[in-house]
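Going down the list, the protein sequences come from chains Z and R.
Heads up: take any position in the first sequence, counting from 1, add 3, and you land on the numbering used here.
Heads up: take any position in the second sequence, counting from 1, add 6, and you land on the numbering used here.
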Amino acid sequence: MISNIRTLWLVFKHAFRKRVTIQYPEEKAYLAPRYRGRIVLTRDPDGGERCVACYLCAVACPVDCIALDSAEDETGRRYPGMFRINFSRCIYCGFCEEACPTYAIQLVPDVEMAEYNRQNMVYEKEHLLIDGEGKYHGYNYYKVAGLAIGGKGKGEAENEDPPIDPRGLT
Amino acid sequence: MATIHIDGKSYDADPGKNLLQVSLSLGFDLPYFCWHPALGSVGACRQCAVRQYRNEEDKDGQIVMACMVPAADGTRISIEDEEARQFRKSVIEWLMTNHPHDCPVCDEGGECHLQDMTVMAGHAYRRFRYRKRTFTNQDLGPFINHEMNRCIQCYRCVRYYKDYAGGRDLDAFASHNHVYFGRSVDGTLESEFSGNLVEVCPTGVFTDKTLKHHYTRKWDLQSGPSVCAHCGLGCNTLAGARYGGVRRILNRYNHEVNGYFLCDRGRYGYEFVNRPSRIRHPLLHTDASDTDTLSKPESCSPEEALRQARDRLRNARRVIGIGSPRASLESNYALRAFVGEDYFFNGLPSAESHLVTLAAEILRNGSAETPSLREIEGADAVLVLGEDLTQTAPRMALAVRQSIMRAPEEKARAVGVPPWNDRAVRDVIQAERGPLIVAAVDETRLDDAATSVIYRAPDDIARFGFAVARAINADAPPVEGLSDEETDLVQRTAKTLSAAKYPVVISGVSLGNEAILQASANIAWALDREQKPVGLSFVVPEANSVGIALLDSAPLRGAFELVSSGKADAAIILENDLYRRTHALDVEKFFTGLRTVVALDSLRSPTTDRAHVVFPAGTFAESDGTFVNNEGRAQRFFQVLSPEGDVAESWRWLGRLQSGSAPSDEPRWKNLDEVLDAMAAELPDVAGAKDAAPRADFRVAGARLPRSPRRFSGRTAILANLDVHEPKPPDDPDSPLTFSMEGTAAMPPAALVSHYWAPGWNSVQALNKFQDEVGGANRGGAPGVRLIEPEKPIHSYFTKIPDAFSPHDGKFVVLGLHHIFGSEELSRHAPALAERIPEPYIAIGDADARARGVTEGRELVLRIFGREYKLPACVRPNLPRGVLGVPFGLPGLTGIVFPADGHLLE
């Protein structure tokens, strides 16, 4: 008897609690910036593609859902000619982001990727590349290291001396 | 056998080796940079430090460089010693002070010896806070990319390039941490073996420029054991493919054949596989034979093409088959089985067919064994008759270049310097080189290494050879009328060859001179009669020249006659562009006489344009088959990638063509093993080809062998754009390999090695784990089976000695001068290699040029068989009088049968 009354009371009390359920999709849940959701390819502060097609994300991927193919511009800067992620296989583990040496590939707090047709889960580079820096601001791989490319010569990266003259006497 | 003690345990070791070699052979992981099995030790990088103890009581010992200490009996070392470990770690740390932080954009990344050694030595954190030195790079031509910042100054590149390969234009400049490896000025590396720098360099200073343009990491390359298709030596290669194209060629170690190195034609010729001019689908040509302007061929389905071809062939009076020395043994056999023995032709002009058959005949029935390239490297005297080896059989030229070290090495050994101690050996022998005698028509790239060189017309080279044979053995036929200079060289050569422990005589078919082959055979037999060991090696032009010679079939002429006499009116042409073989007019006439032409080829050619039905044949990368190299070694090559479009092996097409027309009818051969079995039953001469590699049902622990590396990436995304459901990997009924990463990780037999990798060893140096001992034989023996072994009969000398060559007024002997880049049919379609193809020219001797007032570059008109060739003159100081040369096989110069009679028109 007491137990029944207690149960009724508890249920009644919940009627005045703050609502946990939100009216999705009109109302969105908060996802932290570090949330591992949809994968994007970002650009460096100068607007250039950050990805240097090093294939490290692809090899780090435990489900092998990343495929890319490198290409080169006329100044020797390498970029992915093709970049494909099969999100129907992706487990959002974030290994690709960890493996990326240039902050190019990032997981962003976007989970709205449901599709009726699995084929629509295959994203090409045009679907992945965004016009921004994503979560990591200010980093430009080629300013720090890497090869000489258009706009950056030998010895112009961080911590580098200017090129030496092998014909010098000292 | 010596006993050495490593970290308290005893091992057997070869006292002729150094401790580094022995430790690696025993399976220890000891880091190294400057040492290379083919280059020996110099002790420069200080990376292979170990602690050596004087005796059992000695507890202190001293740090020594393992590569500089012989594995003498009783040697006690510790690899695990803490101080030695710290030493190795510090050395790496110093090397890394200047190494750039660019692995993500470095083509060596993932297969970098420096990465491997850094991990192995345990260096992980950078403590050095100062700036890195940088260099500017050089443009080294279409093959090699230069990135000097990455250099760790191990000196391997110049030691390989200058000391090993005889190059002159790569050197070390400047001093201390400014040491720079490059050319004195920007420019293409001259050596024909420059591509090996890619594998020799332990880091990313020299990388493959063709790979750079379609870059793929090592772990993503689906690779297969392959055999180079670009000359007759049959070097073993590893071809790597991704996204349906071949992306690079690496050396595949075959202890007996190519060892560690390839030539640039073999390494960079692969790009023809990816050309847009490839035939990917069957083509139908309706009015091919009756118009000069050919209608555009239309592609059709395989079923339609097979139906049309079957109908046409069924209605033919007689079908003839034309084989090819660039098609596999299996494809040639399949065609022979289709058309019958009497109607199968080898597709060669009569002269070349005769020469190649003669070469095989001499090797089979003579008493001299034909050496492998490794044995040529071990020869202490070499005589080259009439071949410009660097152009016709490049890897053999590199082997000959090593042979000149054998005689002087003995001198070093006598003073106690072992051959692996490279610097010390070179200090002992200084500029002394072993005997290499070259008789050629013009300068060759081996002249700088030769002790004697003479330049003569082909007949005079043969006479020189006959005279050498006579000087060795008095039963050999005599040669009259030699000059004093020649007689002197003949005597010296005979003496040198007789005195050598293992002399090798090399000649070949490139000059189209029968007497040269016979002369070299006489020399070898003369030495044999004198109870001397000898090797006799013939250079043949194409990957399967010897294979087709062993099939024992008639030359092209026979096919032409059958057609012109009206006995045959249909032909199947297998991977052969007849317009390259003989005079265009003859070929034209042949095609006009045919009512049906069926061609199988990989690239479009004038011949495929004349065919009514063209089947897309697989290149080396899309086929399984066997090539027989110049020493008669049958070597299997396997598919690297599953063919795109309707491409299939020629033997497979021919098998389908022979089946009934109902869709349920099975082809004559279901897989490669069935072709090989049928061939072995019918043709005992080539039956051994069956054993060149394990059969398709071969398994290791019940599993197949993977073509893809274990960390192959993108499996679920590569084809996801076509269908999100991953397809099953293609089946492979022809080999024990799979088109996936699934299969055993166990060590495969040498003929099935698809990639070199071992735990901790991602670079090509992982090869160490695939050898019996480092630098030694392949585990389980070198791949391939020798089909030719001499029968040791009593032979009689060749006695038909040509007359001395005398130039005729106005009439010249025109020779085809071979070029490593351009003379070979397939490789010249590779864009990088095409950049190195010379412009066509007419080579004229200095004497003739002066007599006619010809200057360098002047336009000459040369008439050969009624055709006129207008080309600039190239004046050669050494080309004999009465002899002209034009580059062999270049576009516009095909279809000339060399040697030809030519007239210079004023």
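Glycine is no exception: its CB is placed at the ideal position from the N, C-alpha and C atoms.
Remember, predicted model here, so these are calculated numbers, not experimental data.
Within the segment 43 to 71 of chain Z, those residues whose Cβ lies closer than 8 Å to any Cβ of chain R are, in chain order, V55, A56, C57, Y58, L59, A61, V62, C64, V66, D67, C68, I69, A70 and L71. Of all residues in the segment 709 to 742 of chain R, only R717, S719, G720, R721, T722, A723, I724, A726, N727 and V730 place a beta-carbon less than 7 Å from a beta-carbon of chain Z. In the structure shown, the three-state DSSP call for T588 (chain R) is coil. Approximately 6 Å separates the beta-carbon atoms of I579 (chain R) and T613 (chain R); this is inside 8 Å, confirming the contact. For V867 (chain R), the uninterrupted beta strand (DSSP E) segment begins and ends at E865 to I870. Neighbours of K157 (chain Z) across chain R, judged by C-beta separation under 8 Å: T140, F141, T142, N143 and N155. Here DSSP, grouped into helix, strand and coil, assigns D76 (chain Z) to coil. Residue Z:R39 holds the alpha-carbon nearest to the alpha-carbon of I94 (chain Z) among Z:M4, Z:F86 and Z:R39.
The Cβ of R41 (chain Z) sits no closer than 8 Å to any Cβ of chain R. Pairing L25 (chain R) with V56 (chain R) gives a Cβ-Cβ distance under 8 Å. The beta carbon of A463 (chain R) sits closer than 6 Å to the beta carbons of F811, P886 and V889 from its chain, once the five residues preceding and following it are set aside; these are given in chain order. The beta-bridge partner set that DSSP reports for G822 (chain R) consists of R:V892. The residues R189, S190, G193, L195, E196 and S197, in chain order, have a CB closer than 8 Å to that of D175 (chain R) in the same chain once the five nearest residues on each side in sequence are set aside. Assigned with DSSP and collapsed to three states, P844 (chain R) falls in coil, not helix or strand. Close to I5 (chain Z), with beta-carbon spacing below 7 Å, lies no residue of chain R; the smallest spacing is near 58 Å. In this structure, the straight-line span from the alpha carbon of L533 (chain R) to that of P796 (chain R) is close to 15 Å.
The beta carbon of P377 (chain R) is closer than 6 Å to those of V510, G541 and S543 in its chain, skipping five residues each way along the sequence.
Here I579 (chain R) carries a strand assignment [DSSP, helix/strand/coil].
Within the same chain, Cβ atoms closer than 6 Å to the Cβ of S611 (chain R) are found at D583, the five residues on either side in sequence being excluded.
The beta carbons of G908 (chain R) and I870 (chain R) sit about 5 Å from each other, so the pair counts as a contact at 8 Å.
At least 8 Å separates the beta-carbon of L389 (chain R) from that of T216 (chain R). Note: I478 (chain R) is not bridge-paired with any residue in the DSSP secondary-structure output. Here Y119 (chain Z) is exposed: its Cβ has fewer than 16 other Cβ atoms, across all protein chains shown, within 10 Å. Put simply, the CB of R223 (chain R) is near chain Z, with a gap under 8 Å to one of its CB atoms. Relative to the Cα of G895 (chain R), the nearest Cα in the group R:H220, R:L312, R:R873 and R:L821 belongs to R:L821. At least one beta carbon of chain Z lies nearer than 8 Å to the beta carbon of Y249 (chain R). The DSSP-derived three-state label of D428 (chain R) is helix. The segment 205 to 219 of chain R and the segment 118 to 129 of chain R touch, with no fewer than 3 CB-CB distances between them shorter than 8 Å. The shortest C-alpha to C-alpha distance from Y276 (chain R) to any of R:A879, R:R834, R:I843 and R:C880 is the one to R:R834. Counting the other Cβ atoms within 10 Å of the Cβ of N321 (chain R) gives fewer than 16, which makes it exposed. In terms of Cα proximity to S656 (chain R), the closest of R:K676, R:A699 and R:D607 is R:D607.
Near chain R, meaning a CB-to-CB distance below 8 Å, the residues of the segment 101 to 114 of chain Z are P104 and T105. DSSP lists Z:E52 as the bridge partner or partners of R46 (chain Z). In the DSSP assignment, P308 (chain R) falls within the unbroken alpha helix (DSSP H) covering P308 to R320. Here F134 (chain R) is exposed: its Cβ has fewer than 16 other Cβ atoms, across all protein chains shown, within 10 Å. D683 (chain R) does not reach chain Z, its nearest Cβ partner there being about 39 Å away, counting only Cβ pairs nearer than 7 Å.
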